[in-house]
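Number of protein chains: 4
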Amino acid sequence: MKATMHDPESCLTKGAKTHAKLRRHAAAEFARLGYHNTKVSDIVKAAGVSQPTFYCYFESKEMAYEDLMTEFRSRFEALTRTLLIEGGIPTSQMLDRVALSFQKIFDFLAEDPELTQIGFFQPPGCSITKANLANWIARNIANEQQAGLFRRDIAALQLAQCVVGMLDQMARLPADAQKRKDLSFDCAHMLCEGIWLGAKKG
Amino acid sequence: MKATMHDPESCLTKGAKTHAKLRRHAAAEFARLGYHNTKVSDIVKAAGVSQPTFYCYFESKEMAYEDLMTEFRSRFEALTRTLLIEGGIPTSQMLDRVALSFQKIFDFLAEDPELTQIGFFQPPGCSITKANLANWIARNIANEQQAGLFRRDIAALQLAQCVVGMLDQMARLPADAQKRKDLSFDCAHMLCEGIWLGAKKG
Amino acid sequence: MKATMHDPESCLTKGAKTHAKLRRHAAAEFARLGYHNTKVSDIVKAAGVSQPTFYCYFESKEMAYEDLMTEFRSRFEALTRTLLIEGGIPTSQMLDRVALSFQKIFDFLAEDPELTQIGFFQPPGCSITKANLANWIARNIANEQQAGLFRRDIAALQLAQCVVGMLDQMARLPADAQKRKDLSFDCAHMLCEGIWLGAKKG
Amino acid sequence: MKATMHDPESCLTKGAKTHAKLRRHAAAEFARLGYHNTKVSDIVKAAGVSQPTFYCYFESKEMAYEDLMTEFRSRFEALTRTLLIEGGIPTSQMLDRVALSFQKIFDFLAEDPELTQIGFFQPPGCSITKANLANWIARNIANEQQAGLFRRDIAALQLAQCVVGMLDQMARLPADAQKRKDLSFDCAHMLCEGIWLGAKKG
DNA sequence: AATGAATGAGACTTCATTCAT
DNA sequence: CATGAATGAAGTCTCATTCAT
């Protein structure tokens, strides 16, 4: 938390450092209190600068929030692009592969919890993020359906929404990495096999 | 504008009618704009009464909101109690039975869309509703696991959360009853059988 | 200044009284400091009410200003309509008649000096008022030219602008009624006869 | 962007060039938006320098404005000194001579429209300019009255104010030089002969 | 000669809430 | 039962101005 000689912020100009500081504290406050209950005055107090300084770096409170959202979403989209499962995968590896995808997402969500809170869990932005996410995942699933990996009797978007719903409900408890890994396997099992003991695919 | 003899509100006292009217318009405004963007002045304007009147019937804006939440949640809990699947059900009926549960929930959510919006989709209350719902459903699932219907290698709460996630993502599109029925079957399939073509239960 | 039993304000409702009080003090402050230098906080302090009260009666500072402008202008237009000189007037009365018009205008401008200040002398509204006034007067002059009273080799609007200019420059010193009357005659002479000793009309 | 050898600013020191550039853009912005709506940040942005630089050359926004006012007024005073009509002028040339004075003023006002806007038409400075102008012109008129050119039954200052009023109202439309010339003659006629057809000087 | 960065002071406006009637 | 009127407390944002370099 304290800037050391090799702090990644130490080579930035003063302004860039202030910008970064404000962003950090804005994220913290938004995550803690939500968009509506966060006051610009709180953010600048936490960052140790005056209110006008905030407006040197952000057009408005809303824009500061949008910036954070945008960053979170573009990182998230980049991640989902890496999760496509290629067609030739052996059946025996399938579950592990799906679990890995879950795990990568959980890890991503745990990586910057404040940004995650803002971008994925909190209104007003979370709904859009999830809608986007469903589309990105649906893109992957559609390909995976083509490749014969997943059932085709249900629309890709619907399957994707199911995944998003799981992520939404599960991802609030990602204490340590091992727990996230376990959770990933549970999710993979649920998603791939369903929950019914008597299920038969035919 | 004039209450007729058989108006459902006509047998209420004047005060009770005003109360009901305020509640109705409060729900509409909260659903339309969200808690934070709804102003008491909007509600009373829509209801055609003065601001102090609002405070005759509700302690505060927050309490009015809480009232609506509470009502929604208790109705929802009552519903989930009816969805428990008894142990002896034949395998052949299982999917239909699960689909029926989904359908009942979708119908419930479609019944009073404003209240649903407030209680299930909108912050700040929706998270608590969903957490509660997950618990109520987990209670059912735990029993159903005991009865040998569902897999036991995943905790009931986790399965329940998966269901809640599905509901959350799916339930935004419940135009007409038939579509909700179709959606219920898709959900039942996804939930019971999973999405993987190569899945084998063992 | 003190409300007596028969004060014109005493029969108004409380709200109307507050409204009037705010208007009065708004006019005073605008007149004293100009639009830009007048703060809503000054106005309400002078009126002895809280800031939100201001916004019960005016949409914004700008609207309060506009209200005053509008009132001033419509009163002024009404006045100018009464100043048209009918065709058959005997030559011997002409100067007196023109002087009377000047006098009525000077009296009007002196009647409510604060409103005059705002509407006639101060930016940002005064230019529009004067442009309007020139048009109203030009309407009269055009008729008077038709009636053979005034020279026709110069456009009515130009003559009107000349009158407006005189008013603008003269009207700042309207101490007492007699002085205004004297000034009116000077203006009438200047306007009707010009300033050149050697002038001959032909 | 680069100063060429014969650029009128090229022989100035760098600082003087910056000063001139700032003045030019300050005048443009003040003329465009008025004193109150012009922001220092606008001026420096237009001039392509930083905000502190502004304060190297002007004590404050107000002082920058005052500088421009002062320059405009002293140029204007110099002009009025040249407009005095000498006593012996033949009657037949009188109107042309007065028209010439109007024309010179209109040309002066058209010469640097931005400065004119600021110094002659816009608040808060225009009233003082006009009051000064009335005095300068009154000085001339008093002499001209002494010389038997103008009527003496009206105070010189009042006649001067009439002239200023005419200038104020007329001078907003000085498109091209010929139009200004025509306008000058109309003004001369109005001022010298008045507008009444039946006027007789006695 | 010039600037990147920062700020003090304050403006307007909003809104949930409450008196007094 | 209902309301016209009023407000405390805040919140966002702006702008002229200055420090340190």
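Line by line, the protein sequences are chains G, E, F and Z. Counting in full-length UniProt numbering, the first sequence runs from 1 upward without gaps. Counting in full-length UniProt numbering, the second sequence runs from 1 upward without gaps. Counting in full-length UniProt numbering, the third sequence runs from 1 upward without gaps. Counting in full-length UniProt numbering, the fourth sequence runs from 1 upward without gaps. Ideal placement from N, C-alpha and C gives every residue a C-beta, glycine not left out. Quick caveat: nothing in here was measured; it's all calculated off a predicted structure.
Go ahead and pull the three-state DSSP assignment for residue i.
| i | result |
| --- | --- |
| F150 of chain E | strand |
| H36 of chain Z | coil |
| Q178 of chain Z | helix |
| L12 of chain F | coil |
| K2 of chain F | Only weak support is given to the placement of K2 of chain F: the predicted model assigns it a pLDDT of 38, under 50, and the value that follows is read from those uncertain coordinates. Coil. |
| R172 of chain G | coil |
| A26 of chain E | helix |
| S184 of chain E | helix |
| G125 of chain G | coil |
| A20 of chain G | helix |
| A110 of chain Z | helix |
| Q145 of chain Z | helix |
| A134 of chain E | helix |
| A155 of chain Z | coil |
| H189 of chain E | helix |
| G202 of chain Z | Note that G202 of chain Z scores 46 on pLDDT, short of 50, meaning its location in the model is unreliable; the coordinates nonetheless yield the value given after this. G202 of chain Z: coil per DSSP, three-state reduction. |
With DSSP as the reference, please indicate the residues paired to residue i in a beta bridge.
| i | result |
| --- | --- |
| W196 of chain G | E:F150 |
Along the alpha helix (DSSP H) that carries residue i, what are the first and last residues, could you check?
| i | result |
| --- | --- |
| T116 of chain F | P113 to T116 |
Restricting to runs no shorter than 4 residues, where is the alpha helix (DSSP H) found entirely within the stretch 45–103 of chain G? 51–57 and 61–81
Tell me, please, whether the stretch 70–86 of chain G touches the stretch 136–149 of chain G by the rule of three or more beta-carbon pairs shorter than 8 Å. yes
Check whether the stretch 142–162 of chain Z touches the stretch 186–200 of chain F, taking contact to mean three or more Cβ pairs, one atom from each stretch, closer than 8 Å. yes
Would you call the stretch 24–32 of chain E and the stretch 43–61 of chain E touching, i.e. three or more CB-CB distances under 8 Å? yes
Can you confirm whether the stretch 102–110 of chain E touches the stretch 167–183 of chain E when touching is taken to mean that 3 or more C-beta pairs between the two stretches lie within less than 8 Å? yes
With three or more C-beta pairs closer than 8 Å as the rule, is the stretch 112–120 of chain E touching the stretch 55–71 of chain E? yes
Three or more C-beta pairs below 8 Å linking the stretch 143–150 of chain F and the stretch 79–94 of chain F: yes
State whether the stretch 120–130 of chain Z contacts the stretch 28–35 of chain Z, with contact taken as three or more CB pairs (one from each stretch) at a distance under 8 Å. yes
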